[in-house]
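Worksheet: the structure to be examined is printed underneath.
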Amino acid sequence: MKQTITEKIFSAHTGEEVSAGQIVQSPIDMVIGNDITTPISIKQFERSGAQKLANPDGFAIVMDHYIPAKDILSANQAKISRDFAYKHDLKNYFDEKDMGIEHALLPEKGLVIPGDVIIGADSHTCTHGALGAFATGMGSTDLAYAMITGKNWFKVPQTIKVVFNGKFGEHIYGKDLILEVIRRIGVDGALYKALEFTGEAISSLDMDGRFSLCNMAIEAGGKSGIVAYDDITKEFLEGKNLRSKPVIHYSDEGAKYESILEIDVSKLDPVVAYPFLPSNGKSVREAVKDDIAIDQVFIGSCTNGRLSDLRIAAEILKGKRVSKKTRLIITPATQKIAREAEKEGLIEIFIEAGAVVSNPTCGACLGGYMGILGKGERCVSTTNRNFVGRMGDRTSEIYLASSAVAAASAIAGKIADPRDL
Numbered sequence: 078m079k080q081t082i083t084e085k086i087f088s089a090h091t092g093e094e095v096s097a098g099q100i101v102q103s104p105i106d107m108v109i110g111n112d113i114t115t116p117i118s119i120k121q122f123e124r125s126g127a128q129k130l131a132n133p134d135g136f137a138i139v140m141d142h143y144i145p146a147k148d149i150l151s152a153n154q155a156k157i158s159r160d161f162a163y164k165h166d167l168k169n170y171f172d173e174k175d176m177g178i179e180h181a182l183l184p185e186k187g188l189v190i191p192g193d194v195i196i197g198a199d200s201h202t203c204t205h206g207a208l209g210a211f212a213t214g215m216g217s218t219d220l221a222y223a224m225i226t227g228k229n230w231f232k233v234p235q236t237i238k239v240v241f242n243g244k245f246g247e248h249i250y251g252k253d254l255i256l257e258v259i260r261r262i263g264v265d266g267a268l269y270k271a272l273e274f275t276g277e278a279i280s281s282l283d284m285d286g287r288f289s290l291c292n293m294a295i296e297a298g299g300k301s302g303i304v305a306y307d308d309i310t311k312e313f314l315e316g317k318n319l320r321s322k323p324v325i326h327y328s329d330e331g332a333k334y335e336s337i338l339e340i341d342v343s344k345l346d347p348v349v350a351y352p353f354l355p356s357n358g359k360s361v362r363e364a365v366k367d368d369i370a371i372d373q374v375f376i377g378s379c380t381n382g383r384l385s386d387l388r389i390a391a392e393i394l395k396g397k398r399v400s401k402k403t404r405l406i407i408t409p410a411t412q413k414i415a416r417e418a419e420k421e422g423l424i425e426i427f428i429e430a431g432a433v434v435s436n437p438t439c440g441a442c443l444g445g446y447m448g449i450l451g452k453g454e455r456c457v458s459t460t461n462r463n464f465v466g467r468m469g470d471r472t473s474e475i476y477l478a479s480s481a482v483a484a485a486s487a488i489a490g491k492i493a494d495p496r497d498l
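Take the position in the sequence shown, starting the count at 1, then add 77; the result is the number in the numbering used here.
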């Protein structure tokens, strides 16, 4: 039987040849929780009477949403996860001592391996598919089941093959590719399907761009996003203390796909997703014509808070100043990224330009803290969602874009095309 990479991963885990549509119970290689979702899982774990985790080394808690705690409620919420981690002597527990946004931190730590099945109680767990793994978000009670049994139930998803042809133009990145996919198929165009990203352009897309691409598969309704292992994956993994040996799979020629979408990246402009859906994508040229004044720019998150994003922003911001009526917040995705950015002089460029640089946190992205929007305010953001009230007041507006568009907009005080600077 000809199989997709996703079908092969599940076949390897279940020990039988499976195809899209089958219901299977699969072992889980890595279960991921955070300070928001894990307390619910812990409650169900303890309510079940379970005394120990089925796979302790395959369970990680990353304190990344409201850490350092923003108020008493978030402090008490975090305490539940801390106490559980200490009680079970959890190996993969990350808090203020080693901070990072979970979907950037775990690959950095070598805890995500090609061929894995990964679940997390966070919808953007699909980010990890960039490393040739099957990764998806689930609910907190689903997480508890995996904590107890080491397994979970799945319907093997059908796959949409997305072929990116051509060569990248100036200031076109992984973020633009996924915004273009979502613009074309809509927020439910890949409902419960795997998005398999292939093609000439993917072969030259760096790892950070691939993470950004897979991160937003969920914004098209996808169950997962995935990129097959290649030399770029290999280079990213080299030197890391990997949790286990990679198991590499590739889709068979002749594998059955639900559909195939082809996109010529050489014809793309940078994409900006207007409020209030990630599918509301428009060319940055159109956004410039619309003359949209911006109150805040945010560069960070599990989508675009990686080192390459900071380098892109710094290149644009160097020697320039943020517009008088615009504020710029930059959040490195992990402490390691922050240290590297400091070594390269990027942090100094940001501060000289008038930006504020924060600790790694998801806070601004989900409207928690560290960048809340007020009434009627507009923000260009490198995050992944622009729903009503996502980053603050329900009358505020979010425009999703790459770090290049975000940095250019911070300077201009309105949505700008980085190619014009």
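Beta carbons are placed, not taken as given, at the ideal position from N, Cα and C, and that holds for glycine.
Legend entry - Sequence-distant residues of the same chain with beta carbon closer than 7 Å to Gly-266, five excluded per side: Here Gly-266 has Ala-297, Gly-298 as same chain residues with Cβ atoms under 7 Å from its own Cβ, once five neighbours each way along the sequence are excluded.
Inset, instruction - Decide if the stretch 138-148 is in contact with the stretch 240-257; the criterion is three or more beta carbon pairs, one per stretch, under 8 Å apart. - result: Judged by Cβ distances under 8 Å, the stretch 138-148 makes no contact with the stretch 240-257, as fewer than three pairs qualify.
Legend entry - Identity of the residue in Ile-340, Ile-225, Arg-467 nearest Pro-355 by Cα: Each of Ile-340, Ile-225, Arg-467 was checked against the Cα of Pro-355, and the nearest Cα belongs to Arg-467.
Legend entry - Proximity winner among Leu-150, Phe-136, Gly-206, relative to His-326 (alpha-carbon distances): Nearest option by C-alpha distance: Gly-206.
Inset, instruction - Mind checking which residues open and close the alpha helix (DSSP H) that includes Gly-286? - result: It spans 284-292 - the alpha helix (DSSP H) in which Gly-286 sits, taken as one unbroken run.
Legend entry - Cβ contact check for the stretch 124-143 and the stretch 255-272: 3 or more pairs under 8 Å: Short answer: they don't touch.
Legend entry - For Asn-318 and Thr-204, believed in contact at Cβ under 8 Å, the rounded distance: With 8 Å as the limit, Thr-204 and Asn-318 do not qualify as a contact, their Cβ atoms being about 20 Å apart.
Legend entry - Simplified DSSP state of Met-224, which is helix, strand or coil: Residue state for Met-224 is assigned as helix, using DSSP reduced to three classes.
Legend entry - Helix, strand or coil at Asp-386 [DSSP, three-state]: Asp-386 falls in the helix class under three-state DSSP.
Legend entry - Residue interval of the alpha helix (DSSP H) (run including Gln-102): Run containing Gln-102: none in the alpha helix (DSSP H); it sits in the beta strand (DSSP E), 100-104.
Inset, instruction - Please state if the CB of Tyr-351 and the CB of Asn-461 are separated by a distance shorter than 9 Å. - result: In this structure, Tyr-351 does not lie closer than 9 Å to Asn-461 by Cβ.
Inset, instruction - Using beta-carbon positions only, say whether Pro-234 and Gly-209 come within less than 9 Å of one another. - result: The answer is no: Cβ separation not under 9 Å.
Legend entry - Nearest-angstrom Cα separation, counted from Ile-262 out to Tyr-446: So the alpha carbons of these two residues sit roughly 32 Å apart.
Legend entry - C-beta contact flag for Val-108 and Leu-220 at 9 Å: Yes; because the gap between Cβ atoms is below 9 Å, this pair is in contact.
Inset, instruction - Whole angstroms is fine: what's the gap from Ile-119's alpha carbon to Tyr-163's? - result: Distance between the alpha carbons of Ile-119 and Tyr-163: 13 Å.
Inset, instruction - Name the two residues that bound the continuous alpha helix (DSSP H) containing Tyr-163. - result: Tyr-163 -> alpha helix (DSSP H) spans 149-164.
Inset, instruction - Quick one: measure Cβ to Cβ for Ala-484 and Ala-390, integer angstroms, because I've assumed they're closer than 8 Å. - result: Yes, they are in contact, since the Cβ atoms of Ala-484 and Ala-390 sit about 4 Å apart, within 8 Å.
Legend entry - Contact under 9 Å by Cβ, Gln-99 with Asn-229: Contact: no.
Inset, instruction - Tell me, to the nearest whole angstrom, how far the beta carbon of Gly-451 is from that of Gly-469; I am working on the premise that it is less than 8 Å. - result: With a Cβ gap of about 6 Å, Gly-451 and Gly-469 count as contacting.
Inset, instruction - Indicate, with yes or no, if the ligand ADP has a heavy atom lying under 8 Å from the CB of Pro-409. - result: Absence of the ligand ADP from the depicted structure is noted, as is the absence of any ligand whatsoever, leaving it without description.
Legend entry - Test item: CB-CB of Cys-456 and Gln-373 under 9 Å: Going by C-beta atoms, Cys-456 is nearer than 9 Å to Gln-373.
Legend entry - Ile-237 - containing beta strand (DSSP E), residue span: That run of the beta strand (DSSP E) goes 235-242.
Inset, instruction - Assign Val-465 to buried or exposed, taking buried as 16 or more other Cβ atoms, counted over all protein chains shown, within 10 Å of its Cβ. - result: Exposed, because fewer than 16 other Cβ atoms sit within 10 Å of the Cβ of Val-465.
Inset, instruction - Using the Cα positions of Asn-153 and Lys-174, report the straight-line distance between them to the nearest angstrom. - result: The straight-line gap separating the alpha-carbon atoms of Asn-153 and Lys-174 is approximately 18 Å.
Inset, instruction - Could you check if Asp-494 is buried or exposed, using at least 16 other CB atoms within 10 Å of its CB as the buried criterion? - result: When all chains shown are included, Asp-494 counts as buried.
Inset, instruction - Check the C-beta distance from Leu-394 over to Ala-418 and give it rounded, since I have them as a contact under 8 Å. - result: Contact doesn't hold; Cβ gap of about 12 Å is too wide.
Inset, instruction - Specify the secondary structure class of Ala-207 as computed by DSSP and reduced to three states. - result: If DSSP states are grouped into helix, strand and coil, Ala-207 belongs with the helices.
Inset, instruction - Give me the Cα-Cα distance between Glu-93 and Gly-302, rounded to the nearest whole angstrom. - result: CA-to-CA, the gap between Glu-93 and Gly-302 works out to about 23 Å.
Legend entry - Residues near Ile-369 in its chain [Cβ-Cβ closer than 8 Å; skip 5 each side]: Excluding sequence neighbours, Ile-369 sits near Arg-455, Tyr-476, Lys-491, Ile-492.
Inset, instruction - Look at the alpha carbon of Gly-422 and the alpha carbon of Gly-396, and state the distance between them as a whole number of angstroms. - result: Cα-Cα distance, rounded: 13 Å.
Inset, instruction - Leaving out five residues on either side along the sequence, give the residues of the same chain with a beta carbon under 8 Å from the beta carbon of Gln-80. - result: So the list reads Ser-88, Glu-94, Ser-96, Ser-328, Asp-329, Ala-332, once near-sequence residues are dropped.
Inset, instruction - Could you tell me whether the Cβ atoms of Gly-110 and Ser-158 are closer together than 9 Å? - result: For Gly-110 and Ser-158, yes; Cβs fall inside 9 Å.
Inset, instruction - Give me whichever residues DSSP pairs with Asn-381 in a beta bridge. - result: Looking at the DSSP assignment, Asn-381 forms no beta bridge with any residue, so it has no partner.
Inset, instruction - Decide if Lys-238 is buried, meaning its Cβ has at least 16 other Cβ atoms within 10 Å, or exposed. - result: Buried is the call here.
Inset, instruction - Label Arg-260 either buried or exposed according to how many other C-beta atoms from any shown protein chain fall within 10 Å of its C-beta, with 16 as the threshold for buried. - result: Arg-260 should be labelled buried.
Legend entry - Nearest-angstrom Cβ-Cβ length linking Lys-413 and Glu-185, presumed shorter than 8 Å: Right, their Cβ atoms sit about 6 Å apart.
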